[in-house]
Amino acid sequence: MRGWLLAVAVLVVLAGCGYEFGTAVKPGSARGLTLAVPVFKNDTFEPVLDKRVTEFIRRQFLQADGLTLVNDVGATPLVLKGRISGYGLQTMSFRQGFVNEQRVNLAVTVTFEDTSARKVLWQESYQTSAEFFQSADLATNRSRQDRATEEACQAMAEHIVSRVLETYAK
0 MRGWLLAVAV LVVLAGCGYE FGTAVKPGSA RGLTLAVPVF KNDTFEPVLD KRVTEFIRRQ
60 FLQADGLTLV NDVGATPLVL KGRISGYGLQ TMSFRQGFVN EQRVNLAVTV TFEDTSARKV
120 LWQESYQTSA EFFQSADLAT NRSRQDRATE EACQAMAEHI VSRVLETYAK
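Just so we're aligned, residue 0 is where the sequence shown starts under numbering that gives the first Met the number 0, counting upward by one.
Okay, structure coming up:
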């Protein structure tokens, strides 16, 4: 009997080991919401980071039920603007005198505006990060860094879109 209980407990823990941040946003709460997300400004030296961050945010918005995303900033009263203020690598661990693990740090400032009322609804800063392991191959390292950057962009997009939808749901 104890074996079965232990097995069930292990299965429950393994199935529920992830976590999610809940929001007050209900499915369909974006119905009727139309907004534009112009390409973020890039104040870093990381190439094409502006396009990558913007693309992840746009993709995340497209998952919201009932939301319309437009390209023309003048065609909608709501606009989400952003500025990438920081991008960097942080060494996490060493092994035998070489860097073993690094962290990508990403910082963005976002402004959500009601252009028809000429009003800033909110302005917030977001920081996310993701880790990756180094190897002896430079091409592999860059590929891993790019993947970690994408993970940081995805996490940032989830936070930002959730915040916009919470604002709209009120």
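Backbone N, C-alpha and C fix where the C-beta goes; we use that ideal spot for every residue, glycine too.
- Spatial neighbours of Thr114 in its own chain (CB-CB distance under 6 Å, excluding positions within 5 residues in sequence) are listed in chain order as Pro76, Val78.
- With a cut-off of 8 Å on Cβ pairs, the stretch 49-58 is not in contact with the stretch 87-98, counting fewer than three such pairs.
- Glu112 sits buried, since 16 or more C-beta atoms from the chains shown fall within 10 Å of its C-beta.
- Note that the stretch 40-49 touches the stretch 81-92; at least 3 beta-carbon pairs, one per stretch, sit closer than 8 Å.
- Across the structure, Leu32 and Arg117 are spaced so that their CA atoms are roughly 17 Å apart.
- Under the three-state reduction of DSSP, Asp113 is assigned to strand.
- Here Ser124 carries a strand assignment [DSSP, helix/strand/coil].
- For Gln144, the enclosing alpha helix (DSSP H) has its first and last residue at 137-168.
- Thr108 and Asp64 have their alpha carbons spaced roughly 25 Å apart.
- One thing to note: Thr90 has its Cβ no nearer than 8 Å to the Cβ of Leu105.
- In the assembly as shown, Thr148 is a buried residue. Its beta-carbon has 16 or more other beta-carbons within 10 Å.
- Secondary structure at Leu66: coil, using DSSP grouped into helix, strand and coil.
- Short of 7 Å from the beta carbon of Thr166, and not among the five residues preceding or following it, lie these beta carbons of its own chain, in chain order: Phe111, Leu120, Trp121.
- Non-local beta-carbon contacts of Ser134 in its own chain, meaning distances under 7 Å to residues more than five positions away in sequence, involve Asn140 in chain order.
- In terms of CA proximity to Glu123, Arg162 leads the group Arg102, Pro46, Arg143, Arg162.
- Taking Asp49 as reference, the option from Gly87, Arg58, Pro37 with the minimal CA-CA separation is Pro37.
- Runs of beta strand (DSSP E) with 3 or more residues, each lying fully within the stretch 45-95, are found at 67-69, 77-94, listed in chain order.
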